[in-house]
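Peer 1: I have a structure I would like to understand better, so I am pasting it below and will then ask my questions one at a time.
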Amino acid sequence: MYKAKFYMYQGTIGFLLALIAAMMVFPILYVLAVSFTDASVYVPGKFYIWPEKWSLEAYKYLLTGGSFLYALKASLFITLVGTPLALLISSTMGYMISKSYLPGRQMILLLILFTLLFNPGMIPNYLLIFKLGLINSWWAVIIPGATNAWTLLVLKSFFQTLPSELEESAKIDGCNDIQIFYKIILPLCKAPLAAFALFFAVGYWNTYFQAVIYINDALKWPLQVILQQMVLAMNMNNSMNANVVAEMLAKNAVPPEMLKMATVVIVMIPIVAVYPFLQKYFAKGVLIGSVKS
Amino acid sequence: MKKNSGFKKTFVLLIGIMLIFAAACSKNGNVAEQESKAGSASPSPSGSASATEEEKPLDITWLRISWNPVSPDSQVEKLLSKHTNVNVKFEFAPHGEYPDKLNVRLATGDLPELFLLRPDSLVTYLDSMVGAINNGLFKDLTPIVEAPDFSDKYPNLAKIPKSLWDMAKYNGKIYSVPANMSPEVCCGFWMRGDLLEKNNIPLPTNTDELKAALIKLSDAPKRYGTSLDQYLTSEHLAPAFTNIDGWAVDKDGNWLQAEYSPGYRDYLKYMNELYEAKAIDPEFMLGKLNFFEQFTNGKSASTFFQWFTFIPSETPDPVFKFNAEAGEGAKAVLLNPIKGPKGHGMMTSRYDESLAINAKVSDGDTARILHMIDWIISEEARGIVKYGENGEYRNKSDNTQTKEQEELAKKHQMDLLSSDSPYFEDDKTRYETIKQTKKVTPEGDAMVNSFLEAAKKVIAEDRNGQLNPMFTYASYSTTYMQRFGEMTTDLKDNMIKVILGKSSLEDWDKYVASVVNSELYQKMLGELKAAYLANQ
């Protein structure tokens, strides 16, 4: 009796979880299916989980657009340079403010907390970037995002959980501060650093608004901006009907809905590719620093 | 040894990062360079002392919207440099983010030499732009535009009608060049000609005949007499009952908003009668289809849209066409402006954008920038944009275009010269272009000519030659600019309720009184009156 109830209970839970999983998976399947569907069989508004007829038209349109390679270069530079820089700045600063003997520590912490609570807004930020001479440069996007109060506070909390005896023994062995940080502390921080690496990488990869405001040369815009423009350029009207699709086919154009889905896939690929390698650190890293012993 | 090599690696890595940082920071120049570049017209450095101002190329930056991804092979800059001796460096922002980017540049004073203004459809200058004008950031173009020799120096810009230049004024001065203009007559009332013929209904000429025709052509729920969406786009009929195109002002400076004028209740009553007779889709406010799609899908027998939309033509690709759902043989007929109790149902156009010049640009350089703009809208430039300098974008002989030519034109980004442009075409000229490219049928030709003649008469007689005065004077009323939305929050809801029969006309009168008699609304009217009288 007990067993029957147990199995029924487990079955119900399993069924609900499968349903929830399906709700999560179907939208992704839809995105993939529409992006790989041939325009001749695509019906706007129909639900797809598998392409009726495979085609790479949408991807060809996006990837062969003249400015696509420029945008890819911009996104890669911003992400591949910005992420390590952000990790370097955040980890070193987090380590620094974790030391209770640091002169002026309280003031520094207060200043960091202040930025958590107050944001000056677009105009002062623009003036700052302008005065620094970073307008129209990728650094205008990289540097402001290189650290933030939340990251610093979380890393500070993590560093404070590390036993001080480790540093003391390293000092006794003749290490200087930089060596202690690089050889002792950093190897112990893989979990939080991996988590923040993912946050920073995703943030930099998804850069849009800052790029639009600070970068004037359209050939320096990152991928998100260019892809959004490509989709909008093809978007003739909001509600697609069969006649509009037919017109677009006659002009060998790709329906906007397919382009949007292909855009989502292209933008998703790097993050999806990197995430499995960081996942084991991510789960641990999310909670790091939230509990202080 | 191992310890030292590790330390060295770290040290070298840190130095490398600092060098990259320093290199990137110096790439855009120092602050002084940035400041001098921003907002100051910089003629190219004088090479030879004997070269005159005119001969030296002028370097400017032009901030504008990027409608399409920018092509790395754009030839526009070379073209402008060759034909106008102006080296243009374009700065872009995507359409959706352009207001934010421009507002930031206006607020910080970091303005390029030439920039696009894109306010909403109600006013020419938004709050942020008015602030910038008052802070002296915009060049006053009045001395140039109102000079007696303006049409000699800038023959193409001189084609822009005075009514549109007036809309570019603030405090009586012109601060921008109107761009992206439509002909003065915007839209016409299109009906399904095939259905009218089938039901032996003559072309309606007034609101009573129109109502009868719309009710007769309704076949709910398959088809409704007229299309209406949640934005109430049929408001083009309202002037037939109010004789007001948006706003009106009398010679004493008293302003009247169409929706709050006495005739508007008659318009709402008219729409309610259509609704009760099932000539309007009862779910129009749900926004399933926009008004245009309702017509092209055969869901409605009429719509208001641009007068050049459905002109019958012999080419297989007219401007717009009906979907298969509209049935075979579907055709549209353009009615002359419908006469109502007080006026004609017709809306006039305005423009959505304008080009402003930074006040720091010298007078000489301003003239050169205007010459460049004048060239861009000249026949020569338009010919190059359309055909290419050597026929590489389109064949001049038969006006056909191959796929390769189309791709090349896109690659060279010639659309940069035709979008956001101050090119003005009056209705006749616009129609001549359509006639040539679309091979309009004789029937279509007669229809359009009749409409344009009638429309011109309406503007001249009904409206005394004036377009919506709000576009010219709205900037003067801070209450209008800042609080109009707040005052009219419930306007659309109340209109819809009356049309649906959920509110009576007496309820509507009470609502109108509550708005018009409010302190805020009266304050706005007072400001507008003062602005109007000050500029007479």
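These protein sequence lines map, in sequence, to chains A and B. So for the first sequence, the UniProt record's numbering puts the first residue at 1; every next one is plus one. So for the second sequence, the UniProt record's numbering puts the first residue at 1; every next one is plus one. We put the beta carbon where it would ideally sit given N, CA and C, even for glycine. This structure is a prediction, so every number in the text was calculated from the model and none was measured.
Since S75 of chain A and P222 of chain A should fall inside the 8 Å C-beta cutoff, what is the C-beta to C-beta distance between them, to a whole number of angstroms?
Peer 2: 4 Å
Peer 1: Nearest to D493 of chain B by alpha carbon, out of B:Y480, B:D507, B:R483?
Peer 2: Among B:Y480, B:D507, B:R483, the Cα nearest to that of D493 of chain B is on B:D507.
Peer 1: Expressed to the nearest angstrom, what Euclidean distance is found between the alpha-carbon atoms of A195 of chain A and T151 of chain A?
Peer 2: 10 Å
Peer 1: According to DSSP, is E209 of chain B part of a helix, a strand, or is it coil?
Peer 2: helix
Peer 1: Curious, which full-length alpha helix (DSSP H) runs of at least 4 residues does the region 403 to 456 of chain B contain?
Peer 2: 403 to 411, 415 to 418, 427 to 438
Peer 1: Quick check: the Cα distance between N336 of chain B and S71 of chain B, rounded to an integer number of angstroms?
Peer 2: 44 Å
Peer 1: Using only alpha-carbon positions, find the residue among A:G104, A:Q210, A:F158, A:I180 that is nearest to V141 of chain A.
Peer 2: A:Q210
Peer 1: CB-CB under 8 Å to R483 of chain B, same chain, minus the five flanking residues each way: which ones, in chain order?
Peer 2: L520, M524
Peer 1: If you scan the region 332 to 381 of chain B from start to end, which runs of the alpha helix (DSSP H) of 4 or more residues do you find wholly inside it?
Peer 2: 363 to 376
Peer 1: Count the other CB atoms, across all protein chains shown, that sit within 10 Å of the CB of W205 of chain A; report buried if there are 16 or more and exposed otherwise.
Peer 2: buried
Peer 1: Could you give the first and the last residue of the continuous alpha helix (DSSP H) run that contains S75 of chain A?
Peer 2: 68 to 97
Peer 1: Looking only at its own chain, which residues have a Cβ that is under 8 Å from the Cβ of E35 of chain B, when we skip the five neighbours before and after it?
Peer 2: Any reading at E35 of chain B is ruled out, since the residue's pLDDT is 42, under 50, leaving its predicted position unreliable.
Peer 1: Name the chain A residues whose beta carbon is nearer than 7 Å to that of A107 of chain B?
Peer 2: A107 of chain B reaches chain A at I123, counting residues in chain order whose Cβ is nearer than 7 Å.
Peer 1: From which residue to which residue does the beta strand (DSSP E) around L116 of chain B run?
Peer 2: 114 to 117
Peer 1: Going along the region 217 to 228 of chain A in order, which residues come within less than 7 Å of chain B, judged by CB to CB distance?
Peer 2: A218, L219, V225, I226, Q228
Peer 1: Strictly under 7 Å for the Cβ-Cβ distance: is A86 of chain A near chain B by that measure?
Peer 2: Judged by the 7 Å Cβ criterion, A86 of chain A is not in contact with chain B.
Peer 1: Where A201 of chain A and Y98 of chain B are concerned, what is the direct C-alpha to C-alpha distance, given to the nearest angstrom?
Peer 2: 26 Å
Peer 1: By the three-class DSSP mapping on this structure, what secondary structure does A246 of chain A have?
Peer 2: Since pLDDT at A246 of chain A reaches only 47, below the 50 mark, its modelled position is unreliable, and the value read off the structure follows with that caveat. In this structure, A246 of chain A counts as helix in the three-state DSSP scheme.
Peer 1: So, with DSSP's three-state summary, where would you put Q257 of chain B?
Peer 2: strand
Peer 1: Please report the Cβ distance between Y176 of chain A and F92 of chain B, rounded to the nearest whole angstrom; I am assuming they are in contact, meaning their Cβ atoms lie under 8 Å.
Peer 2: In the sequence under discussion, the amino acid at residue 176 of chain A is Asn, which differs from the Tyr named in the question. Cβ-Cβ separation between N176 of chain A and F92 of chain B: approximately 49 Å, too far for a contact (criterion under 8 Å).
Peer 1: What are the boundary residues of the alpha helix (DSSP H) that includes P200 of chain A?
Peer 2: The sequence given here places Phe at residue 200 of chain A; Pro does not occur at that position. 190 to 205 is the span of the alpha helix (DSSP H), which, as asked, contains F200 of chain A.
Peer 1: By Cβ distance below 7 Å, which residues in the same chain neighbour S450 of chain B in space, the five residues on each side in sequence not counted?
Peer 2: N336
Peer 1: What are the boundary residues of the beta strand (DSSP E) that includes Q306 of chain B?
Peer 2: 302 to 306
Peer 1: Alpha carbons only, please: which of B:P221, B:T309, B:G225, B:D219 is nearest the one belonging to A213 of chain B?
Peer 2: Considering only B:P221, B:T309, B:G225, B:D219, the residue with the shortest C-alpha distance to A213 of chain B is B:G225.
Peer 1: Grab me the residues of V458 of chain B's own chain with a C-beta within less than 8 Å of its C-beta, minus the 5 sequence neighbours each way, in chain order.
Peer 2: Hits under 8 Å: P337, G343, H344, M346.
Peer 1: Indicate the three-state DSSP secondary structure (helix, strand or coil) for A279 of chain B in the structure shown.
Peer 2: If DSSP states are grouped into helix, strand and coil, A279 of chain B belongs with coil.
Peer 1: So I97 of chain A contacts chain B; which residues on that side make the cut at Cβ distance below 8 Å?
Peer 2: Ordered by position in chain B, no residue passes the 8 Å Cβ test against I97 of chain A, which lies about 19 Å from the chain.
Peer 1: From V448 of chain B to E197 of chain B, what distance separates their C-alpha atoms?
Peer 2: Near 19 Å, if we compare the C-alpha coordinates of E197 of chain B and V448 of chain B.
Peer 1: Report the option in B:E293, B:C186, B:T348, B:S354 whose CA atom is closest to the CA atom of W165 of chain B.
Peer 2: B:S354
Peer 1: For L127 of chain A and chain B, any beta-carbon pair shorter than 7 Å?
Peer 2: yes
Peer 1: Judging by CA-CA distance, which residue of A:M1, A:L62, A:L17, A:P51 is the nearest neighbour of L227 of chain A?
Peer 2: A:L62
Peer 1: According to the neighbour-count rule (16 or more other Cβ atoms, all chains shown, within 10 Å of its Cβ), is A460 of chain B buried or exposed?
Peer 2: Under this definition A460 of chain B is an exposed residue.
Peer 1: Give the interface partners of M230 of chain A over in chain B, defined as CB-CB distance under 7 Å, in chain order.
Peer 2: P69
Peer 1: Name, please, each residue of chain B whose Cβ falls closer than 8 Å to the Cβ of A233 of chain A.
Peer 2: W67, N68, P69
Peer 1: Under the three-state reduction of DSSP, which class applies to A220 of chain B: helix, strand or coil?
Peer 2: coil
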